[in-house]
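Novice:
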Amino acid sequence: MKKKQTFEMKKIIKKNNGITLIALVITIIVLLILAGVTIATLTGENGILTRASDAAERTEKANVIEQAQTDILGIQADKKDGNITKGELKTVLDKYFDDVSEDFTIDDVFTTKDEYGNHEIAVSEIYNGNLGETQEVISKTESYVGYYADLEGDGTVDGIIYADLAVGNTGDGQWTDYDIPKVESGLKDYYISKTDYEGDFGIKDVLSPTGSGEPRFYVMALSDIDANTHYWYYSAYGNMMNDYDTTTSEDFGTGKANTEAMITKWNNGSDGGYGEQNDNDMWGLIQTEVASGWFVPSGGEWSAFAEELGITSYYSSYGLSICYWSSSQVDTNSADIAGFDDGFFGNTLVNSSHSVRLSTTF
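Offset between the sequence shown (1-based) and this note's numbering: plus 298.
Below is the structure:
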């Protein structure tokens, strides 16, 4: 009896083992099918991962377009006419794309830079309005001395042009000698943004910049920094400027470097400067303007301003004060001044008090 029970038990175990093996095979087949379906769902042409990747690329591309459009809106917001020139649009495109040609069109397609994901984007996807192409750029051979300058293209007249590097010039008139260099290439383009503007220097058109490049013009501000007169550097009087022949220069084109050198001196005060700071020293009063690109003209720049614009008398009709500081030292105690009361150019002690007017390039 016991042997028969053992045989029946083995038969049941064998039968159960057979069923388990078939189930296992079926299970594996089902799992393989499910795995195939899952992989296809994730990575196929319309798979989840593929669609997620496409969505990420579309989002990245859309972000580039949105950023570029925001830059364009910023330019338009700063201009009263709301227009953007082709050169200004190129400046925006150059930020996001490589190899944007000067003669690009709305239909051109460019590839974004590596940091923006190498997407192909048509200019029309970013901007499809008027490029201001009717605003022709001005001549590179004609002088525009005497024209007014709108530095930011925002409709505000900021100064009067007194030197044109595309033309150059030398002068040896009533003031000190000066040499305006002639630059043959690499200068920025400009267009006439306003016609017949009437200011202290007469009726003339206004120029605004477009595109990229080096500044072409020297510009004098239309007003003094304030209605007061100021010291050059009060504590420097007393033969303190022993390095005057290397710290600054009288040459045209050195006003910016002179100004930066003297502000450093003044900020150092008694520790590396020319003595203690005085609240009425001009170097402490103009630092915000200097940070924005303005500077005190050198002797040669003041000379060019007076002679190139033909200012020989009647200084008050030009909105000018009697006498202005330059940024040029001439000896251990003195700096150049530009006097408009009788058309002289000379120098005076640095603890004297005169008006201050700033210049810039654009």
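Glycine included, each C-beta is placed from N, C-alpha and C at the ideal position.
None of these values were measured; they are calculated from a predicted model.
1. What residue range is occupied by the uninterrupted beta strand (DSSP E) comprising M560?
2. Going by DSSP, what residues sit across from I370 in a beta bridge?
3. Mind checking whether G582 and D634 have CB atoms under 8 Å apart?
4. If you draw a straight line from the C-alpha of E587 to the C-alpha of F593, how long is it?
5. Could you check what DSSP says for G500 in three-state terms: helix, strand or coil?
6. Is G469 near D462, with beta carbons less than 8 Å apart?
7. Quick one: residues in its chain with C-beta nearer than 6 Å to the C-beta of E431, no 5 flanking neighbours on either side, listed in chain order?
8. Residues in the same chain with beta-carbon distance under 8 Å from Q367, minus the five sequence neighbours each way, listed in chain order, please.
9. Opposite S651 in the DSSP bridges: which residues?
10. When the Cα of D579 is compared with those of T546, E358, D541, W623, which residue comes out closest?
11. Taking L656 as the reference, which of T630, L618, F642, S650 has the closest Cα?
12. Would you call the CB atoms of Y529 and S651 closer than 8 Å?
13. Specify, as a first and last residue, the run of the alpha helix (DSSP H) that T389 falls within.
14. Assuming D452 and L505 form a contact by the criterion Cβ under 8 Å, report the distance between their Cβ atoms to the nearest whole angstrom.
15. Considering only residues of the same chain and omitting the five flanking positions on each side of N416, which have a CB-CB separation below 8 Å?
16. Check whether the Cβ atoms of S615 and E574 lie closer than 8 Å to each other.
17. Measuring alpha carbon to alpha carbon, tell me which of P479, W564, D487, D629 ends up nearest N537.
18. Would F603 and C621 qualify as a contact pair, given that the criterion is a beta-carbon distance under 8 Å?
19. Based on the DSSP output, what are the partners of G573 in its beta bridges?
20. Using a Cβ-Cβ distance cut-off of 8 Å, determine whether S437 contacts chain B.
21. Quick check on the DSSP output: the beta strand (DSSP E) that includes W592 runs from which residue to which?
22. Can you tell me where the alpha helix (DSSP H) with S632 in it begins and where it stops?
23. Measure the C-alpha to C-alpha separation of S422 and K486 and round it to an integer number of angstroms.
Specialist: According to the structure shown:
1. First-last for M560: 553–566, but that is the alpha helix (DSSP H), not the beta strand (DSSP E).
2. Answer by DSSP bridge pairing: none, since I370 is not bridged.
3. Contact: no.
4. 8 Å
5. strand
6. no
7. Below a pLDDT of 50, predicted positions are generally treated as unreliable, and E431, at 46, falls in that range; the measurement from the model is reported next regardless. Take E431, set aside five residues on each side of it, and the residues of its chain with a beta-carbon closer than 6 Å to its own are K384, in chain order.
8. I424, Y425
9. Y529
10. W623
11. L618
12. Between Y529 and S651, the C-beta spacing is below 8 Å.
13. 384–394 is the span of the alpha helix (DSSP H), which, as asked, contains T389.
14. Actually they are not in contact, since the Cβ atoms of D452 and L505 sit about 13 Å apart, beyond 8 Å.
15. T409, T410
16. no
17. D629
18. When the beta-carbon positions are compared, F603 and C621 stay at least 8 Å from each other.
19. According to DSSP, G573 bridges with nothing at all.
20. Note that chain B does not occur in the displayed structure, where there is just one protein chain.
21. Here W592 belongs to no beta strand (DSSP E), and DSSP marks it neither H nor E.
22. Counting along the chain, S632 falls outside any alpha helix (DSSP H), though it belongs to the beta strand (DSSP E) covering 632–637.
23. Answer to the nearest angstrom: the Cα atoms are 25 Å apart.
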